[in-house]
Every structure is written in structure tokens, then in C-alpha cells.
Amino acid sequence: MSSWRNPLRDERDKRLPRIAGPCGLVIFGVTGDLSRKKLMPAIYDLANRGLLPPGFALTGFARRDWANEDFGEVVHQAVKDHARTPYRPEVWNQLSEGIRFVQGTFDDDNAFDNLAKTVRELDEQRGTGGNHAFYLSIPPSAFPVVTKQLARAGLAEQDAEQWRRVVIEKPFGHDLKSAKELNNVVNDVFPEDSVFRIDHYLGKETVQNILALRFANQMFEPIWNANYVDHVQITMAEDIGLGGRAGYYDGIGAARDVIQNHLLQLMALTAMEEPVSFHPRALRAEKIKVLSAARVPTPYDETCARGQYVGGWQGGQKVPGLLEEGGFAKDSKTETYAAITLEINTRRWAGVPFYLRHGKRLGRKVTEIAVVFKRAPHLPFDSTATEELGQNALVIRVQPDEGVTMRFGSKVPGNAMEVRDVTMDFGYGHAFTESSPEAYERLILDVLLGEPSLFPMNEEVELSWEILDPVLYNWAKQGMPESYAPGSWGPPSADQMLTRTGRHWRRP
Amino acid sequence: MIIDLPSTTTAQVNSKLVEVRETGGAVALGRVLTLVIVTDDSAKTEDAIQAANEASREHPCRVIVLARGARKAAARLDAQIRVGGDAGASDVIVLRLYGPLADQAASCVVPLLLPDAPVVAWWPSEAPEVPAEDAIGQLATRRITDSAAEKNPIKALEARRKSYVDGDTDLAWTRLTNWRAQLASALDLPPYEKVTQAAVVGEADSPSSELLAGWFASRLNVPVSRAKATTGEGIVQVTLTRRSGAVDLLRPDGKTGTLTQPGQPDRRIALQRRSVKDCLAEELRRLDPDEIYEAALKAVPKVAKGRPGGAPAAKPAAKPAAKPAAKAKVPEAKEAAPAAEAKPKRAAAKKAPAKADS
């Protein structure tokens, strides 16, 4: 039926939103934080914006002994507490009719048979048409058993008329080997084009705006290369600690938790060549190219740094160090700060280091990409006139306070010729974010529409591990990470990492 | 912060704006457009400003409100500048124009437009006969009218059709987006059959119903009928007839719609009427000519005015029998009369143009 052209659609009709076709979503691990704070509200917000198909079904799967109504009440509360858009009873009523709950554990065959039955009933009662997505908001250790159960109960079977998709969250393994195993487990049951790996950073408007900034404008692309760029700093800093997250974080650490996925994806978007089109395949091809060209230069002790925060005062509060946080081993070697240097072996980037850093309990919460340019080759001023002039920089502020900052030299008012750095702010993000959809809204909708551009595929995940594995291996051989004070910008070794090459970290 | 500048000039307003920016710190200059709101000075003015402020959260803009006061008074310009919390993410300049100045509003707007940014004009209630030829309309790249807010909506829509120029748009069209999206997605699914007939039932004075029918007429190339509903608000029912049965979307209460398709369970859809704020935000999202709107608007006369096909409140599946197209006009006018009388304040104005419409 490929000849069918919907007469009501027209590519010039930009107002018409894409509404997902009839489908349902099954969430495993509905009692988790993510599910309550992000997924359920995002689903309601989508419904409120009219982007979910009529008859949409939401099924929860968990161990709790709940009836459909109890689960409905949980979703209701989550929506009321966390939804972005205003609460409307008529939207809720419509959504709540499609809410189901299946009780059981992951190794319980009966529970999955029940789930299969529920899904079939939904197809009949709600007209979900056999299209279902399974959101695994569960630890990766449970993936093998859950995917096997889905296959056993016939829930993973798809054909030309009906799709089945699976959504998984980070961590995608803890090294290359485990990532491959995990991919095998998932790909055993679901073909790669039905697997959607959520990296919520890629759902953010500002991240997608990197592509617009780079490829829709004439003024940036000509200087976006080694001829003009000195180095690039990609920072994701958090001011909070790890209290209460020991179970997940101990033994994982900052590099695996954030650099492997979010920061390497940001790096790929910043450094990749122009895709031939915005088709998902074209976009992924470019990301894969740049990831396969990236590696961490040796010696790792000089090009990477790690740290662990200690107790102290931060922002007017006394905070515990990592080792005092509940749940962490008293001799935990888990790093809470990680910084790496990357070189990208392409003509565009040869000789331009990319510095990636992430840490907890740093000065403030900020994520940004700073492209720092070389100095002008010749300055026709007295040397005293440009003493205070730094390097030009273009900073993409991902969050908070989304926007773009440019830093350049300007004359200081007065009789003498003196040039000093000034910044120019583009603050569209300021206002824009209030109405712009949450990352999860965008990503869930893309899953239901089967639009894979914003999801890293297995090859990207594996390439990222290939980059990071040698560094992790090197760290594993060493003792405790260096300590750093809460509220600072990381351990001294991180600063040395840059000063060695005559550079310094930007204070975000 | 609200600053009043009574009996002033635009030069003074401009220098005050610079002063506010300097004293108030670096107020963002990242505005993407200038929105000019043209109204008569009344209680409704504040509503329009409120809607613009809300929309500015998505589209940071400068809002210039032209509130035209008494024509008989002496010529005077009172200005008011609102920034910060009183203005959303915009800066709002309210210009109250009295006396002969009220008809020379454009001269007050030009000095205040943002450099090199698009200008959007919005008439929240009565719009000029030909928006593109209006003095303010000529400044704007996009002209937003709202025929539903005018005294005689159907007649206003007719005027829009005759005066259409690229860049015109009407909120009656924006209100349709959700309906159109749902119906378009219904046709995305099998069975992939041609629509043989389309019918729209809506309130007698609902310009959105007219436009929806016009949209079908322009896209489907099949007989389209438009009937008047006796109950319900706005659009009440849409039926797209296909060989295997009809796609039917019924919204009797103005809130929740029911979508019926053959071989599928009934589905309920939240389809609440959209607020002006939502519509305005959508309008500001695009500034290029809307060809689809143009085609729908121009196809409105092709629509046959019919009697309600099966009472809309009753079974939705009851598909309207093949309607005699143009001939139904005469009996229909009588049929519609009782419905119109239920709302006496609009009845008189409406009947005449309703006939002229087809």
C-alpha cells in the first residue's frame, strides 16, 4: 500500500503535528523515580498537546499488588506533581481509560502471559492495533530475563502491519565487552531498528540547536576547523552530590555515567561533518565517522584526570564527602570527577584537543560546549594594548540559561587604545524553554513515531566504549582518585592536564 | 515594571526604552519579532496583551499595542512601557491614540519597530476590510485576524477570502489545527480508501467550520457539505465517507471528541477549544505564507450548505445521506431559522450573509 497518499497531508502544511499512529506503551519499573518524575508526566504532556493517538494505552508492570485503579492513581499523582502543561480533567479522563497494570516479577511466566493477554485486550478495546513499545526502566542486569520473557510470551513478534519496539536507558554496559553482551541480548529479541536507546540529552532543544547553528548558518562553519579553533571544552557540571544513589553509582563513576554517553554524543554533534541530509541514517553515519576517528592520546596519566569530592562547605551548607555518603564503601575508589582529552584524527580537527569533563559537587550546575579560537596571527597594536585580550570563544550553553555566548575583544572606552574581552549573549533559551517540550516528551514521541535520529545506535555505543575503555583500565590499576573540595572546579590534576599544553579550563 | 509617559512622542518613548535597558541591566535583545496589536481602547485590550505576553514565552518579542481612543478628543499620544514581570518575555509598549492621531497609528509604530526583525500585526477583534492595504498591515509581513471575534464572523470570513494576500492568516484557521491533525492521522491508517464525501456540522456562526469544510473541498475534490448544528459549540461533527464506512469525529460538548471508524473501537479524544494564547503562539511559529490556508479559504464557496445530516447529538455512525448539493439551500435557510432565533442577538445580522455566502 505504499502508493497511498493521504490527501489531507501536504508537506507545505507545517502546522499539522505528527501524531503517533494507534499504539500502546508498556513500562517496566513503574515504581521508579524516573518513571514518576519524567515518563508519566511526559506522557500526559504529550496527550495534552494532542500528540498521542486516540486510544493510547499505558500499561505498568511491577511487583506491587495493585489493581488498574491503584496504578491509575499513581500516574494521576505523578501527573499532578510533575507535568509541565496545565491539568485538564478531560485529557486525563481520556488517558486514564487506557491505563492498565500487570502485577508480577520478571521471572514469573504467568505475569508475562497476563501481560500478553492485557496487550491483546487493549488491541481489541482501545484499538492499539498491535503496536506496542516496551520501556525498560529497570537495571541492565534484568534485561536478559525481561527480553527473554517478552520473546517467550510472543510480545516481541512483529510483522509488516504491527510494530514492537523496546526502549532502554543508560548505562549501556560498563565497558565494551559488557556493552556488546547487552546489545546481543537485546538484539536477540528485537532487531536494531526496533531498539531505542534513550540519551535524554539528545532530546533537549539546545542540543538539537547545535545542528541548526552549525549547518543553517554561513558565519560559523568556515571557522569550525583546525585552522581557527584552538581547542574545545565540553563541560557537564553538577552541584549536587551522590547521596542516595550509591546503589547505582558505586563502582560506576563519572566517566561511565556521563562521559561515555552524554559528553561523547555532544562531542560527536560538535565535531561531525555536515550530514548529506537530516535523514536518521545520514546523521548516524556522520556521528559514527567522528566517533571512530576519536581516541584519547597517551600517556593517560597526563591527558586524563579523576577526582573524588571530600566533605566541606558548599554554597552555605556543610556537605559530606563521597565516602561519608550512605551506601558507599568506605574505601570506594569511584570517581566523582572525570576529565579526558580527545584527539580527532580527521583533516578538520587534526591537532585540536577536545577536553571533556564531568563532576559532582562542582561550583554550579552547568552544561556547555565552548569552542575556543586561536589568537589572531598578527595584532597591529602595542603589546600593552592587548595584554588583557584573551582568546575568542563561542559557547553553546546547553543548560541552564540556554543560549549562545560569544567572547571577543573590544576597545575599553577612553583615550588610550586598550582591548579587553567582552561577552555577547544570545538568550533565546531564556524564554524559549518555558514552552519548549521536555526532552522525554520529544523522545517518547519519537519512539512511538519510529523516528530514530535522536537515539544512539549500538555501533555508537560500542565506539564510545572503545574510546573510554583504555582510560578506565588505566584508572583501575591505580589507587584512590585525587580528592577535591566541594564547590570547587575539580582536582588539581585536571588543571595540570590543560596547563601542560598552555591552556586552562574556562570557568563556566 | 510599568512606566507611564502621558502626552508624549515616540522619540521620548524610544529614549526611555534605552534608559530602561541601561538602568535595568542587560535586558535581552534576543527578540525575534515585533508584534503590533491593533485594538480600540477597551477592557479587551488587556486580554490581548495578556495573550501576547504568554505567547512571548515561546517567541520573545516586542509588543506594540495600539489602543485607539475617542476620535473626537484632541490629538494626544499616551504611552506606557512595561518590562520584566509585567510583560512576560517581551517588552510591551502601549500607545493610546486620541483624536486625529487615532487614524494615523502607523506613524507612531514605525520608530518603535525592532531593526531588521519581522513585523506581525494582530487585530484581536475587528479587522480592516483589506488587512494588507491597511496602514499597519502594510508594515507587517504577517497579518493575523480573528473572524470569530468579529460582529459577523461569516461575513468577516467572506471578506478575508476576497482580500487574501500572502501573509494573511486568521485565528479561525489556527483553531482547526487539532481537528485537522486528528483527521489527517485517521486517514494515515488502513483501509487506504478514497474519501467519497465529506460533511461538517458546526455552529451557524462558526468560521472554523466553514474553513474546515473548505479545507476538505480543496484537498479531497469530492462533494463537501456544511450544516448548521442545533446544539454544541464551534465544530460539532465531521464525517468523511469511504467505501468501507465513514470516519466520524463527533464533539458534542466542545471538550471531548469521539472518533469512530469501521472495524475499530470508538476512541475518545480530548479536543478542547483552544485559547487565544495557544493560537497566537502557533501563529508566531511561522511567518511564511500559509498556502494550505489560502486554498481552504478560497474553496469555502465550493461547499454545499446542507441540513444537519442526522442529528449530531445522536448516533455518530449514522452517516449523512448523500446530500443534494446546491439545491438544499432554500429549505435550509428555513430550517436554520429556529436555531438562529435561539440566539437573538446575532440572528438578524447572520441570516443575510449566510445566504450570500454560498
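If you read the sequences in order, they're chains A and B.
For the first sequence, full-length UniProt numbering assigns the number 1 to the initial residue and increments by one for each residue that follows.
For the second sequence, full-length UniProt numbering assigns the number 1 to the initial residue and increments by one for each residue that follows.
For glycine and all other residues, C-beta sits at the position ideal for the given N, C-alpha and C.
Using only the alpha-carbon positions, how far apart do Ile136 of chain B and Gln104 of chain B sit?
9 Å
Where does Thr145 of chain B fall in DSSP's three states?
strand
Alpha-carbon spacing of Glu19 of chain B relative to Ala237 of chain A, whole angstroms
37 Å
Return the bridge partner residues of Gln197 of chain B from the DSSP annotation.
B:Thr241
So Glu210 of chain B is in the alpha helix (DSSP H); what residue range does that whole segment cover?
Pro207 to Leu220
Pull up the distance between the alpha-carbon of Val79 of chain A and that of Val412 of chain A, whole angstroms please.
53 Å
Thr256 of chain B versus A:Gly55, A:Thr346, A:Leu448 and A:Ala246, residue with shortest Cα-Cα distance:
A:Gly55
In this structure, how does DSSP classify His358 of chain A when only helix, strand and coil are distinguished?
strand
Please state whether DSSP places Ala325 of chain B in a helix, a strand or coil.
Per-residue confidence for Ala325 of chain B stands at a pLDDT of 42, beneath the threshold of 50, marking its modelled position as unreliable; the derived number appears in the next sentence. Here Ala325 of chain B sits in coil by DSSP.
With a cut-off of 8 Å, do at least 3 Cβ pairs link the segment 41-51 of chain A to the segment 436-447 of chain A?
yes
Nearest-angstrom Cα separation, counted from Thr85 of chain A out to Gly98 of chain A
20 Å
Collapsed DSSP secondary structure at Ala431 of chain A in the structure displayed
Low local confidence applies: a pLDDT of 45 at Ala431 of chain A is under 50, so the model's placement there is unreliable, with the coordinate-based value given in what follows. Correct three-state label for Ala431 of chain A: helix.
Is the segment 172-190 of chain A in contact with the segment 475-482 of chain A, if contact means three or more CB pairs nearer than 8 Å?
no
Asn227 of chain A beta carbon less than 7 Å from that of Arg348 of chain A
no
Quick check on Tyr192 of chain B - is its C-beta less than 7 Å from some C-beta in chain A?
yes
Beta-carbon within less than 6 Å of Lys38 of chain A's beta-carbon, same chain only, minus the 5 sequence neighbours each way: which residues are those?
Tyr440
Cβ neighbours of Leu114 of chain B in the same chain (closer than 6 Å, five flanking residues each side left out):
Arg31, Thr34 and Arg62
Taking the beta carbon of Ile2 of chain B as the centre, do at least 16 other beta carbons fall within 10 Å, making it buried, or is it exposed?
exposed
Output the boundary residues of the alpha helix (DSSP H) element that contains Trp173 of chain B.
Leu171 to Thr174
Looking at Ile19 of chain A: is its Cβ nearer than 7 Å to the Cβ of Ala181 of chain B?
yes
For Leu95 of chain B, which beta-bridge partners are listed by DSSP?
B:Leu66 and B:Ala79
Does DSSP classify Glu133 of chain B as helix, strand or coil?
helix
Thinking C-beta only, is Glu203 of chain B closer than 7 Å to Pro229 of chain B?
The question names Pro, yet the displayed sequence has Ala at residue 229 of chain B. Cβ distance < 7 Å, so Ala229 of chain B and Glu203 of chain B count as in contact.
Using DSSP's beta-bridge definition, name the partner residues of Tyr484 of chain A.
A:Tyr309
Short-range partners of chain B found in the segment 33-54 of chain A, where Cβ spacing is below 8 Å
Ala47, Asn48, Gly50, Pro53 and Pro54
Spatial neighbours of Arg164 of chain A in its chain, beta-carbon cut-off 6 Å, leaving aside the 5 residues before and after:
His132, Ala156 and Gln158
Please report the straight-line C-alpha distance between Ala271 of chain A and Pro380 of chain A, rounded to a whole angstrom.
32 Å
Measuring CB atoms only, is the segment 288-297 of chain A touching the segment 482-501 of chain A, in the sense that at least three cross pairs come out at less than 8 Å?
no
Distance between Gly241 of chain A and Lys318 of chain A (C-alpha atoms, nearest Å)
12 Å
Using the three-state DSSP reduction, which class does Thr405 of chain A fall into: helix, strand or coil?
strand
What residues from the segment 263-282 of chain B come within 8 Å of chain A, judged by C-beta to C-beta, listed N to C?
Gln264, Pro265, Arg267, Arg268, Ile269, Ala270, Leu271, Gln272, Ala281 and Glu282
Taking 7 Å as the CB-CB limit, is Gly98 of chain A close to chain B?
no
Runs of 4 residues minimum, wholly inside the segment 241-284 of chain B: which ones carry the alpha helix (DSSP H) assignment?
none
Under the three-state DSSP convention, the category Asp4 of chain B falls into
strand
Check whether the Cβ atoms of Leu212 of chain B and Leu176 of chain B lie closer than 7 Å to each other.
yes
Using only alpha-carbon positions, find the residue among A:Ala385, A:Asp446, A:Gln391 and A:Glu387 that is nearest to Phe373 of chain A.
A:Gln391
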